[in-house]
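Visitor: Going by the numbering used here, the first sequence opens with residue 1113, and the numbers climb by one from there. Even for Gly, the Cβ is constructed at its ideal location relative to N, Cα and C. Predicted, not measured: the structure shown is a model, and the values here were computed from it. Supplied in structure tokens, the structure appears directly below.
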Amino acid sequence: MNFELLANTLFPNINITEQELEERFPPRRLAEGAIVSRMAPSPTGFVHLGNLVQGLTSERLTHQSGGVLFLRIEDTDAKREVAGAVETLIESLGHYNINFDEGATKDGDFGSYGPYRQRRRKEIYHVYAKKLVENGMAYPCFCTESELEQIHMEQEKAKANFGYFGKWALWRDRSYEEIKEKLDSGAPWVLRFRSNGSIENKFKFNDLIKGQMTLTENDIDYVLLKSDGIPTYHFAHVVDDHLMRTTHVVRGDEWISTLPFHIQLFNALGFKLPKYLHIGPLMKMDGSSKRKLSKRKDPELALTYYKSEGFPPESVYEYLMTILNSNFEDWRRANPDAPINDFKFSSKKMNPAGSLFDNAKLCDVSKNVISRMSAEKVYSSLVSWAEEFDADFSAKLKKDKEYAIKILSIGRGGKKPRKDITVWKDAKAYMGLFYDEYFVKTDDFPEQFDKNDIKNILNEYICSDIEAADNETWFEHLKRIAEKYGFSPDVKAYKASPELYKGHVGDVSTFIRIALTGKTNSPDLFEITKILGKERVIQRIKTQIAKLGQ
RNA sequence: GGCGACGUGGACGAAAGGUAAAGUUGCCGGCCCUUCAAGCCGGAGACUGUGGGUUCGACUCCCACCGUCGUCACCA
């Protein structure tokens, strides 16, 4: 077989040389140890946690090393492409502080290693496709879909391995004449790799996350170029990551099974193999068994879910960090206020297995993250969330910013801030008591107390100096009221001999709390009183007394 | 079915052959106390998937088995 003739027949119009490409995309001039990595998603419009996990890992690795992070759009499957997907992607990742140094942008490219959309790189792939044909390492295949199905069925029957290889590789060793004839008839064809591997051969491979793995050589003649001349993922990956000078490939571990093929391709093309980091999948409990988070079944896979629930991006980021780097939690405990980028991210600390996604832990992390924010920051984040998901609430917050910030300042600051808000969605219920329109009574008075006692105490309270100078003075009033109605002003005394009292000062404050906030738990009552103001306090309590009178 | 990865308390995960197998989260309880979802203290929960082997000694190394997940497309 004259491979050169075949190559020229297949690719008659190539007018760039490999040499020219090498020169156009020279090795990057970066400091020693600088990592070049990328995100290479398909533009399906669906951005999920897996993307984030992978993006976060690449981002940290590159930027921490003074390297380059770029965005490449794997749009080789036109069927799955969704308009506006690139924009969504950049926005979603930007939301999590993952920003690119180069790559695809909303409507173009930025950087000198492009184009960064694979479909615009068709010519480039063909240079290498032709080279492979010339070297006898690739050949056209004219099998139809149904022929391929037939092969699969026969393999199933024969209990053979699946795939296009060995005697099943129908077009692997056809003559030039046969190929030419098919070609002239206008039959569609794909370009297949001519694998020289054998599944008898195993080899060791070192993955930066999985460690040393034993892999089996690939013996399948995978498709390199689809019938439309667009490469498959495999071919595009190898060509692009070579020309874009990627040093580290971070991707999901579902790719491990085709890794041997990728390695084969790198070798066949004479490219240097990048380092690989294969990340385990995010799992979820489904009944009693684990499974990979699924796009169809699990809304929590989509990044939009976290946004609409009102998880601050920082919370999701920190939670994923606890999963990605096992020493992150220890670091965070030691440095509660340090910027997250001070953490030294290391691929060595990544777990080779897939982890279960734990919503409870995410919530805990989120509570902590929000509790450490300043009231200003909470306010602005909350408002921007509400603008999108709760217009009414957002209007209310914006109408009186100072008031909102006063509310959000309760129990904030100091070493041990309160952790009342987990997600922005919760904020309305938490803050609602300060807005008459949102004020709802959710709890009732404890049944063991006499209604008249409660009424009397509430009455007495609004007659007292409820706007006391300080918390202590205020609490003194409360104690006096308690005493007057047979409640112990001292909790210890009450516990020592409960039979002497109707209750204790804590119960008294519960009455006021329920009347004032509608709930059995709330932040500090004195603080609340100061914010609500005397008139509204009196009004709420009077309303409550009236209700009790019925 | 082939191939591969993974298997430490409910969850996340330390311990890269050496004392009672960290810590976080969740659960339970107590304390504190003007409430609590906060804080403090404590508790339960693991014969490190199973069975062999190497070793003075194994979560750690080797073998087998089991289980879970992934993958076997002109999808990525």
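Do you know how far the Cα of K1659 is from the Cα of K1553?
Guide: Distance between the alpha carbons of K1553 and K1659: 12 Å.
Visitor: Does the distance from the CB of L1415 to the CB of L1161 come in under 8 Å?
Guide: Yes, the Cβ-Cβ distance between L1415 and L1161 is below 8 Å.
Visitor: Would you call the CB atoms of Q1267 and W1283 closer than 8 Å?
Guide: For Q1267 and W1283, no; Cβs fall outside 8 Å.
Visitor: Under the three-state reduction of DSSP, which class applies to P1601: helix, strand or coil?
Guide: Correct three-state label for P1601: coil.
Visitor: Tell me where the alpha helix (DSSP H) around T1655 begins and ends.
Guide: First-last of the alpha helix (DSSP H) with T1655: 1646 to 1661.
Visitor: Could you check the C-alpha separation between M1742 and A1143 for me, to the nearest Å?
Guide: Missing from the structure shown is residue 1742; the chain here goes from 1113 to 1662 and no further.
Visitor: Which same chain residues, not among the five before or five after T1200, have their C-beta less than 7 Å away from its C-beta?
Guide: Excluding positions up to five away in sequence, the list reads G1157, V1159.
Visitor: Indicate whether F1423 and M1433 have their beta-carbon atoms separated by less than 8 Å.
Guide: No, the pair does not count as a contact, with Cβ atoms beyond the cut-off.
Visitor: Identify whether S1170 lies in helix, strand or coil by the three-state DSSP scheme.
Guide: Reduced to three states, the DSSP call for S1170 is helix.
Visitor: Relative to the alpha-carbon of F1587, which residue among P1252, G1526, P1601 has its alpha-carbon at the smallest distance?
Guide: Selected option, being the one with the closest Cα: P1601.
Visitor: Taking the continuous beta strand (DSSP E) assigned at T1217, which residues delimit it?
Guide: Element bounds for T1217: n/a, residue is neither H nor E.
Visitor: Below 8 Å on the Cβ atoms is my guess for M1151 versus Q1166; work out the distance and round it to an integer in Å.
Guide: M1151 to Q1166, Cβ: 7 Å. Contact.
Visitor: Less than 8 Å between the beta carbons of H1663 and I1321, yes or no?
Guide: Absent from the structure is residue 1663, since the part of the chain shown begins at 1113 and ends at 1662.
Visitor: Could you pull out every residue in the same chain whose Cβ sits closer than 6 Å to the Cβ of E1214, ignoring the five residues on either side in sequence?
Guide: The answer, listed in chain order, is F1182, F1222, G1223.
Visitor: If we ignore side chains and look at the alpha-carbon of each, how far apart do L1327 and A1250 end up?
Guide: Approximately 23 Å between the Cα atoms of the pair.
Visitor: Taking the alpha carbon of L1394 as the reference point, which residue from Y1431, E1426, F1373 has its own alpha carbon closest?
Guide: Residue Y1431 is the option with its Cα nearest to L1394.
Visitor: Whole alpha helix (DSSP H) runs in the segment 1227 to 1286 with 4 or more residues, listed along the chain?
Guide: Complete alpha helix (DSSP H) runs here, min 4: 1234 to 1246, 1257 to 1269.
Visitor: Is the segment 1529 to 1547 touching the segment 1604 to 1620 in the sense that three or more CB pairs, one from each, lie closer than 8 Å?
Guide: The segment 1604 to 1620 is not in contact with the segment 1529 to 1547.
Visitor: What's the C-alpha gap between I1368 and T1629?
Guide: The straight-line gap from Cα to Cα measures roughly 56 Å.
Visitor: Cα separation between I1650 and K1591?
Guide: Rounded to the nearest angstrom, the two C-alpha atoms are 19 Å apart.
Visitor: If we count Cβ pairs, one from each stretch, closer than 8 Å, do we get three or more for the segment 1403 to 1413 versus the segment 1329 to 1348?
Guide: In short, these stretches do not touch, since the Cβ pair count stays below three.
Visitor: Tell me, to the nearest whole angstrom, how far the beta carbon of V1362 is from that of S1170; I am working on the premise that it is less than 8 Å.
Guide: About 5 Å separates the two Cβ atoms, so the contact holds.
Visitor: Once DSSP output is grouped into helix, strand and coil, what is the label at I1391?
Guide: Strand at I1391.
Visitor: What are the partner residues of L1468, as DSSP defines its beta bridges?
Guide: According to DSSP, L1468 bridges with M1395.
Visitor: Whose CA, out of N1247, Y1334, E1312, D1352, lies closest to the CA of P1227?
Guide: Of the listed residues, the one whose Cα sits closest to P1227 is D1352.
Visitor: Can you tell me which of V1477, E1549, D1476 puts its alpha carbon nearest to the alpha carbon of A1058?
Guide: Because the chain is modelled from 1113 through 1662, residue 1058 falls outside the range shown and cannot be assessed.
Visitor: Please return the same chain residues whose Cβ sits closer than 8 Å to the Cβ of K1316, not counting the five positions on each side in sequence.
Guide: Closer than 8 Å at the Cβ level, and outside the excluded window around K1316, lie Q1324, M1325, T1326, L1327.
Visitor: Determine the direct distance from the alpha carbon of G1392 to that of S1483, and round the result to whole angstroms.
Guide: Approximately 31 Å between the Cα atoms of the pair.
Visitor: What are the uninterrupted segments assigned as beta strand (DSSP E) that are 3 or more residues long and contained completely in the segment 1446 to 1502, given in chain order?
Guide: None, since the segment 1446 to 1502 contains no complete beta strand (DSSP E) of that length.
Visitor: Secondary structure at K1518, three-state DSSP: helix, strand or coil?
Guide: Three-state result, K1518: helix.
Visitor: H1207 and P1425: beta carbons closer than 8 Å?
Guide: The answer is yes: Cβ separation under 8 Å.
Visitor: Excluding sequence positions up to five away, which residues of its chain have a Cβ less than 6 Å from the Cβ of Y1086?
Guide: Residue 1086 lies beyond the range of the chain shown here (1113 to 1662); nothing can be said about it.
Visitor: Just to confirm before moving on: does the CB-CB distance between S1459 and I1435 stay below 8 Å?
Guide: No.
Visitor: Cβ of L1644 within 8 Å of Cβ of S1621?
Guide: Taking 8 Å as the Cβ cut-off, L1644 and S1621 do not qualify as a contacting pair.
Visitor: CB K1242 to CB F1115, shorter than 8 Å?
Guide: Not closer than 8 Å, so no.
Visitor: Run through DSSP, which three-state label would S1637 get?
Guide: It is Leu, not Ser, that sits at residue 1637 in the sequence shown. Of the three classes helix, strand and coil, the one that applies to L1637 here is helix, per DSSP.
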